[in-house]
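Quick note, the sequences are listed as chains B and E, same order. Reading the first sequence from the start, the letters are residues 1 to 354 in the working numbering. Reading the second sequence from the start, the letters are residues 1001 to 1354 in the working numbering. Quick reminder that beta carbons are idealized off the backbone N, C-alpha and C, glycines included. What follows is a single structure, written as structure tokens, with notes after it.
Number of protein chains: 2
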Amino acid sequence: MPRMFVPGPVDVDDEILQAQAQPMLPHRSGEFEEIFRRTSEKARQLFFTKERVLLSASSGTGLQEAAIRNLVNKKVLSCVNGAFADRWYDVAVSNGKDVEKLAFEWDQPVNPDRVAAAVKKGSFEALTIVHNETSTGMQNPVKEVAEAVRAVAPDTLILVDTVSSLGGAKIETDAWGLDMVLTSSQKALALPPGLALAAVSDRALEKAKTVENRGWYFDLVRMEKHRLKDSSPATPAMSLIFALDRQLDRILAEGLGNRFDRHAAMAHRVHEWAESQGLSIYAPEGFRSQTVTTIKNERDIDISGLNTFLKKRGMRLANGYGPLKNITFRIAHMGEIQMSDLEGLFVAMEEYLS
Amino acid sequence: MPRMFVPGPVDVDDEILQAQAQPMLPHRSGEFEEIFRRTSEKARQLFFTKERVLLSASSGTGLQEAAIRNLVNKKVLSCVNGAFADRWYDVAVSNGKDVEKLAFEWDQPVNPDRVAAAVKKGSFEALTIVHNETSTGMQNPVKEVAEAVRAVAPDTLILVDTVSSLGGAKIETDAWGLDMVLTSSQKALALPPGLALAAVSDRALEKAKTVENRGWYFDLVRMEKHRLKDSSPATPAMSLIFALDRQLDRILAEGLGNRFDRHAAMAHRVHEWAESQGLSIYAPEGFRSQTVTTIKNERDIDISGLNTFLKKRGMRLANGYGPLKNITFRIAHMGEIQMSDLEGLFVAMEEYLS
């Protein structure tokens, strides 16, 4: 398998690539409904929820739109400290909501006290926050933000994007009191893109029923109604669900605890290696992603040249995102990546750097 | 390959199932952009358009929503003579548009004169029509409707759902003056579900720029901006695009004319066979689908029992849709189905019926 140290689409195991290639079934057949049911059941373990997981034939951004259209009539607060948080803000603007942006520097985590103060002042139906910023390698303190918000505005729904962390970091939907936790297939779940998943709380669904103009395709109420019949309103992304079904078995066989530990250990190793090379980590300590590390390019490395060099060895990493291009670069350590793959990457990088 | 005579998801050729299993690539890489570019280029031939084809990680219903949100500020006319036309009407309602339903009996085609009269009376920005009703096997006279509308309301955009016909019947986007022609992967294109395609005219895109609240995920203006860079706003359904790339080669190698003729010949053969069994066709002559035939169950066949019998032989067909369940049944003849497959089905059915 080639090794891409990029934060999605990530490499997919051959068994999972092949799982997509199973013959099609009618989606309203008992055979497929059974696969749909067991897949959405197993997914609840990943989200640490007793409630429900909905499957969407879309990318994760589709579910950012679902969150906004279903759970916000008017006012929403958007915590922004990276490109994908900013996208969610744009999604809210594009959908005509009255959205207030609570901006933080990209190299700083979302601050629970500032969020609580903003929520206390405004009267927000919901807030959006990104757990793991793919653009910066920042892990935001979602649990602490949720606690702080709950203390001052218990009715504000907490909507969390875990696109690049769920499956690689422990996110406890129920215990942390989160109302919608969305992710997509092509990151730490190590599946091909085109499928998105969301845990949705009972109270979020109750709220959705009161929101006008939810649309059709991403209507959570309609999705839940069909889920109760082990189905989806529109035709599901069947080959990707075949792959998810198999991949959840692999993930649960590894053990969720082991999987999170593997990701944490790889993150730690990347930090250690970067520092050994005289390079520092973009995100402050305590807020570093378990799945992708953004490294400051303090040695003025030609990132494009580095990637050309790495590709000859069947590897590649990611340049910095947007304004961070060339001044940072990113090493993803999620999904199928193992510590030994990282060691192989470091050997090659050291060769390039010397 | 098992033979499913159901109108989607249809059987997918092994080569295409396998095409999904290629290794992932970063979606913003030159390698993937080249695949994205050539796939969307080849797709233009299928739609008979010189303008553009957009690819969406969604089912066809997602693009029904795109059409409504992008091309209608307020008023839209929805021509309804089947379940999927009715869904499009629901999509317009769910998105808060002022939609007028122009209803026809399900066993009657959309009538161009009635549409023209309705368009003349109202002042509609767009009308929606389904080319091929999967629920009834009706092929609506889209070309004639477009002509009639153009004569009385040249500015009204014509939005066409060709979900179950494109790739099996000739639909001339440019020559017929259609503004948005949408389809999905799992019908006559014989791909797995989860991908949708749309030809979008220049004037539709100009209109979209003036429409507020288009949302983010299905924003056609945003999709076009990225298409010009051989990319998509959100992560694309990569494995399905790999499959589409390969399948378009197979379709173009068969030849579009040959492909449409094959579908027409199979439709004709199904009509002939049904009549030989004392069963009549639901759609009136001249308006019968090339890809799926709805047959009146005038012999009170136990459709569920028939399917159980057929499944033992690796085949299955579709019951009637919604209110037509059991009083009709459907034989799909699209995608990979060949005349010899139909003959095999008829042998089995005659055995069951005798």
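Are the CB atoms of residue j and residue i within a distance shorter than 7 angstroms?
i, j, result
"B:T235", "B:F47", "no"
"E:K1187", "E:S1201", "no"
"E:E1133", "E:G1082", "yes"
"B:A243", "B:A43", "no"
"E:A1085", "E:V1115", "no"
"B:V12", "B:A190", "yes"
"B:L77", "B:L55", "no"
"B:M315", "B:R37", "no"
"B:P193", "E:M1238", "yes"
"E:V1149", "E:T1162", "no"
"B:A283", "B:V6", "no"
"B:Y321", "B:S135", "yes"
"E:A1169", "B:L17", "no"
"E:L1195", "E:L1240", "yes"
"B:T39", "B:D245", "yes"
Check each candidate in the options and name the one with the smallest Cα separation from residue i.
i, options, result
"B:I281", "B:F287, B:L306 and B:K296", "B:K296"
"E:N1258", "E:K1101, E:S1340, E:G1167 and E:V1130", "E:G1167"
"B:S184", "B:I171, B:G177 and B:A198", "B:A198"
"E:G1096", "B:G96, B:P26 and B:G215", "B:G215"
"E:M1334", "E:V1080, E:R1246, E:G1137 and E:V1181", "E:G1137"
"E:D1300", "E:V1142, E:T1293 and E:Y1352", "E:Y1352"
"B:P154", "B:L324, B:Q139 and B:K120", "B:K120"
"B:K312", "B:L71, B:D14, B:L345 and B:A169", "B:L345"
"B:L71", "B:K209, B:I241 and B:P141", "B:K209"
"E:S1289", "E:N1111, E:Q1045 and E:N1140", "E:N1140"
"B:V270", "B:A146, B:F329 and B:D249", "B:F329"
"B:L306", "B:E34, B:V142 and B:I331", "B:I331"
"E:R1069", "E:N1213, E:I1251, E:E1015 and E:V1053", "E:N1213"
"E:A1151", "E:I1171, E:A1118, E:K1170 and E:A1169", "E:A1118"
"E:A1274", "E:T1294, E:L1310, E:T1049 and E:P1112", "E:T1294"
"B:D341", "B:R87, B:L310, B:A146 and B:P323", "B:L310"
"E:R1227", "E:V1053, E:V1010, E:P1023 and E:E1298", "E:V1053"
With a 10 Å radius around its C-beta and 16 neighbouring C-beta atoms as the bar for buried, classify residue i as buried or exposed.
i, result
"E:L1127", "buried"
"B:G60", "buried"
"B:V347", "exposed"
"E:G1008", "buried"
"E:K1229", "exposed"
"B:N326", "exposed"
"B:Q247", "buried"
"B:D219", "buried"
"B:T291", "buried"
"E:K1207", "buried"
"E:P1026", "buried"
"B:P112", "buried"
"E:S1094", "buried"
Against chain B, with Cβ distances strictly below 7 angstroms, would residue i count as a contact?
i, result
"E:T1128", "no"
"E:W1088", "no"
"E:M1238", "yes"
"E:R1030", "In the sequence as presented, Arg is not what sits at residue 1030 of chain E; that position holds Gly. So no, E:G1030 is outside the interface."
"E:M1349", "no"
"E:A1188", "no"
"E:S1165", "no"
"E:A1057", "yes"
"E:V1072", "no"
"E:S1094", "yes"
"E:E1147", "no"
"E:V1006", "yes"
"E:G1082", "no"
Could one say the Cβ of residue i lies closer than 7 angstroms to chain E's Cβ atoms, at least one of them?
i, result
"B:M315", "no"
"B:G168", "no"
"B:S135", "no"
"B:M24", "yes"
"B:S40", "no"
"B:T173", "no"
"B:N319", "no"
"B:A116", "no"
"B:V160", "no"
"B:A234", "yes"
Which residues in chain D sit within 8 angstroms of residue i, going by Cβ to Cβ distance?
i, result
"E:Q1018", "You won't find chain D in this structure, because its protein chains are B and E."
contact_flag[the segment 205-225 of chain B, the segment 256-276 of chain B] where n(CB pairs < 8 angstroms) is 3 or more: Look at the beta carbons and you see the segment 205-225 of chain B not touching the segment 256-276 of chain B: under three pairs across the two are nearer than 8 angstroms.
Meets three-Cβ-pair contact criterion under 8 angstroms: the segment 146-164 of chain B and the segment 175-184 of chain B: Flag = yes, the segment 146-164 of chain B and the segment 175-184 of chain B touch.
The segment 106-125 of chain B in contact with the segment 62-69 of chain B per 3-pair CB rule at 8 angstroms: Judged by pairs of C-beta atoms under 8 angstroms, the segment 106-125 of chain B does not touch the segment 62-69 of chain B, as fewer than three such pairs exist.
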